[in-house]
Amino acid sequence: MTAPLRLGVVRDFRAEGWASMDLCADQLLARLPAAVPGVAAADLAPPFRRRLGRLPVVGRKPAAFNADRLLNRQVDLPRYLKRVRGGFDAFHVVDHSYAAAVHALPAARTGVYCHDLDAFRCLLDPAAEPRPAWFRRMAARILGGLKAAAVVFHSTHEVRDAILRHGLVPAGKLVHAPYGVADEFTPEAAAPVPPPAGVGGRFLLHVGSNIPRKRLDVLLDVYAAVRARLPDVRLVQVGGPWPAALAGRIAERGIGPGVAQVRGLSRGE
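Going by my numbering, the sequence shown opens with residue 724, and the numbers climb by one from there.
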């Protein structure tokens, strides 16, 4: 009997709270054994170490958490991978922003999933996204890991085109791997969870953070145009709180009564 191929799945630290990346890793680990017989996948996830986050006062600041993220990604994770890599035949890095992990793995047996090129924008378009030298060095190391990987999976043809346009990875390394379908959206799904309070009727749904590249300003303009034609349609936005500029935009457009923002939802919701 042939021994199964041992695949190590390098995932994001759960402590970082990237729900989308957690979902990608969880679904891959749950579905792969049935989809690809002969592959045994294991979750490579060392514990997240809090250093600055344990300090009084300072530890509560966002900068302390970001420093801990940097140390865990760039120091702790590579050390961990070097210790365990002998127990696996191949590796899959779920998130391209973790591609520096490839430097601690046998690159010829490692694949990276590239969701977009935002992590490398300071290198690809420095005028549009200026960053300090230390940040550019870190981005370059991450990009170097992506380039070194044997396979680079990509979500859409647009991402593939961007990778090729910038000459980051040869076409022969690229594999189109569209996102799968989560359990909630399959015929076998359990009964749907009722929507959160205040969400009903017809609505547009947007799920995402409030960082500038998500272009929530465009979202609000689009909703204002929709509301002008369909006054009963609401906008439900799941994400972080409205920054001042966006809150002002809502007031200027007069769309406040139709906008609902919800946070802290369960996966079912």
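Even glycine gets a Cβ: it sits at the ideal position worked out from N, Cα and C.
CA-to-CA distance, G962 to R990, given in whole angstroms: 13 Å
Residue burial classification, H819 (beta-carbon count within 10 angstroms, cutoff 16): buried
CB-CB length for A763 against R796, believed under 8 Å: No, A763 and R796 are not in contact; Cβ-Cβ is about 26 Å, not under 8 Å.
Contacting residues, own chain, Cβ-Cβ under 7 Å from A912 (five flanking each side not counted): D906
Entirely enclosed alpha helix (DSSP H) segments - the stretch 782-828, minimum 4 residues: 785-794 and 800-807
Three-state class that DSSP yields for V904 in the structure shown: coil
Supposed contact pair L891 and L939 - C-beta distance, whole angstroms, cut 8 Å: Their Cβ separation, rounded to whole angstroms, is 28 Å, which puts L939 and L891 out of contact at 8 Å.
Alpha carbon of A830 to alpha carbon of A872, nearest angstrom: 5 Å
Distance between P853 and H889 (C-alpha atoms, nearest Å): 18 Å
T833 burial status per 10 Å Cβ neighbour count (16 or more: buried): buried
Residue environment, Y902, which counts as buried when at least 16 other CB atoms sit within 10 Å: exposed
Other residues of its chain near F788: CB distance less than 7 Å, five sequence neighbours each side excluded: G776
8 Å Cβ shell around D745 - same chain, five flanking residues per side excluded: R734, D735 and R737
Through-space distance from A947 to V817, alpha-carbon basis: 37 Å
Three-state class that DSSP yields for A983 in the structure shown: strand
Segments of 4+ residues assigned as alpha helix (DSSP H) that fall wholly inside the stretch 852-889: 856-871 and 880-888
Alpha-carbon to alpha-carbon, A920 and R957: 14 Å
For L953, three-class secondary structure by DSSP: coil
Beta-carbon contacts of A951 that lie in its chain and below 6 Å, excluding the five residues immediately before and after: none
Three-state secondary structure assigned by DSSP to L730: strand
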